[in-house]
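Novice: For reference, the structure I am asking about is given below.
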Amino acid sequence: MKKLDTQEVGKLLQDLPHWTLDAAGGAINREFVLADFVQAFGFMTQIAITAEKCNHHPEWRNVYHRVHITWTTHDANGLTANDITMAQFCDQAFAGYV
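Note that this note's numbering has the sequence shown beginning at 40, numbered continuously upward.
Okay, structure coming up:
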């Protein structure tokens, strides 16, 4: 998978306004706040199933009703189209909880 260049990342992030680029420019992050732990766990499960099907897995952590997700592609040493696709999926999945 090809690493995205800085211009590509900037353009693609315009459609992902809740995601932030890390300081090194190699990952995107977002924190999702759900109603409670059960919703947070359900949200994570939904993402986990899709991530497994796509063989592209997030770095994440969960504290009660908060889920922090980071997307990066270690093999490419930065962001790829897979990261953008999965961030879009996360946003779509989250829309079902708000």
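Quick reminder that beta carbons are idealized off the backbone N, C-alpha and C, glycines included.
State the start and end residues of the unbroken alpha helix (DSSP H) segment that holds VAL77.
Specialist: Counted from its first residue, the sequence shown places residue 77 at position 38. Run containing VAL77: 76-93, per the alpha helix (DSSP H) assignment.
Novice: Between ASP114 and THR89, what straight-line distance do the alpha-carbon atoms span, to the nearest angstrom?
Specialist: For the purposes of this step, residue 114 is taken as residue 75 along the sequence shown, with counting starting at 1. For the purposes of this step, residue 89 is taken as residue 50 along the sequence shown, with counting starting at 1. Those two C-alpha atoms are separated by around 20 Å.
Novice: For GLY117, which of helix, strand or coil comes out of DSSP?
Specialist: As a position in the sequence shown, residue 117 is number 78, starting the count at 1. It is a strand residue.
Novice: Work out the CA separation of ALA74 and ALA132 for me, nearest whole Å.
Specialist: Against the sequence shown, residue 132 aligns to sequence position 93. Against the sequence shown, residue 74 aligns to sequence position 35. Approximately 14 Å between the Cα atoms of the pair.
Novice: Let me confirm a value: PHE76 is counted as buried when at least 16 other C-beta atoms fall within 10 Å, else exposed. Which label applies?
Specialist: The residue you call residue 76 lines up with position 37 of the sequence shown. Label assigned to PHE76: exposed.
Novice: Go ahead and pull the three-state DSSP assignment for TRP124.
Specialist: Taking the first residue of the sequence shown as 1, we reach residue 124 at position 85. Residue identity check: residue 124 is Thr in the sequence provided, not Trp. Helix.
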